[in-house]
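In this note's numbering, the protein residues as written are 13 to 244.
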């Protein structure tokens with residue numbers, strides 16, 4: 013299995029866990045809350061593809077067999093904060109290891125950032141709690157982290173929101189807000205390549221496309237929205 017630059021949604025909370033702002037508690041803004049639409053009943057289906065070479069536009073995508081069914085199944089009140097409970101059921105079409113289920117808890121903080129927690133049990137919750145999944149419409153938000161592999165610095169990641177763009181995903185055209193992460197190899201790693209991660213959200217819908225690169229080599233995974241049922 014490829015060693016990834018750790019941006020898959022399933023691992024995202026561990027990757028950006030140190031990305032906490034120092035903002036004080038403030039009332040939530042309904043306008044930015046609606047950017048993400050965390051309504052109960054929302055349902056999304058995603059397929060993940062593998063591509064061996066991001067430098068070759070003609071390189072063929074191969075379906076990995078992974079299908080994620082994601083839904084907002086409820087609201088949870090904890091320590092004065094409201095979280096949307098998100099459930100993900102994973103099926104591998106080429107495996108008997110199916111119906112894997114996981115949960116996480118989402119909310120939009122006072123700066124309009126979508127944040128996530130893997131658990132709400134036995135931990136203090138504040139306005140700054142949670143890993144930033146997407147900054148919404150906040151172009152001033154940036155995130156930088158070193159990429160460490162086997163106790164060795166191999167490069168750095170720098171994330172920032174970019175201007176909206178239209179993309180074609182599974183035959184549908186979406187206007188999305190791309191949150192891009194540029195990987196820059198360390199000077200001690202001349203054989204590694206620069207590459208860009210992508211987490212693209214559509215306002216009022218949710219995640220449309222995610223690109224997760226391998227640290228070594230040219231391969232990457234692309235997760236695509238296949239279908240969505242959105243409650244307004």
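Just so you know, even glycine gets a beta-carbon here, dropped at the ideal spot from N, CA and C.
The Cβ atoms of residue 169 and residue 146 lie no closer than 7 Å to each other. Taken in chain order, the region 159-199 contains no complete alpha helix (DSSP H) segment of 4 residues or longer. Nearest Cα to residue 110 within the set 190, 116, 102: 102.
Rounded to whole angstroms, residue 85 and residue 198 show a C-alpha spacing of 42 Å. For residue 221, the number of other beta carbons within 10 angstroms of its own is at least 16, and it is reported as buried.
In the DSSP assignment, residue 112 forms a beta bridge with 102. Residue 75 carries a strand assignment under DSSP once its states are collapsed to helix, strand and coil.
If you draw a 10 Å sphere on the C-beta of residue 164, you find fewer than 16 other C-beta atoms in it, and that means exposed. Assigned with DSSP and collapsed to three states, residue 153 falls in coil, not helix or strand. Each residue's CA atom was taken as its position, placing residue 203 and residue 73 some 24 Å apart. A straight-line Cα-Cα distance of about 18 Å links residue 83 and residue 89.
With fewer than 16 other Cβ atoms from the protein chains shown falling within 10 Å of its own Cβ, residue 151 counts as exposed.
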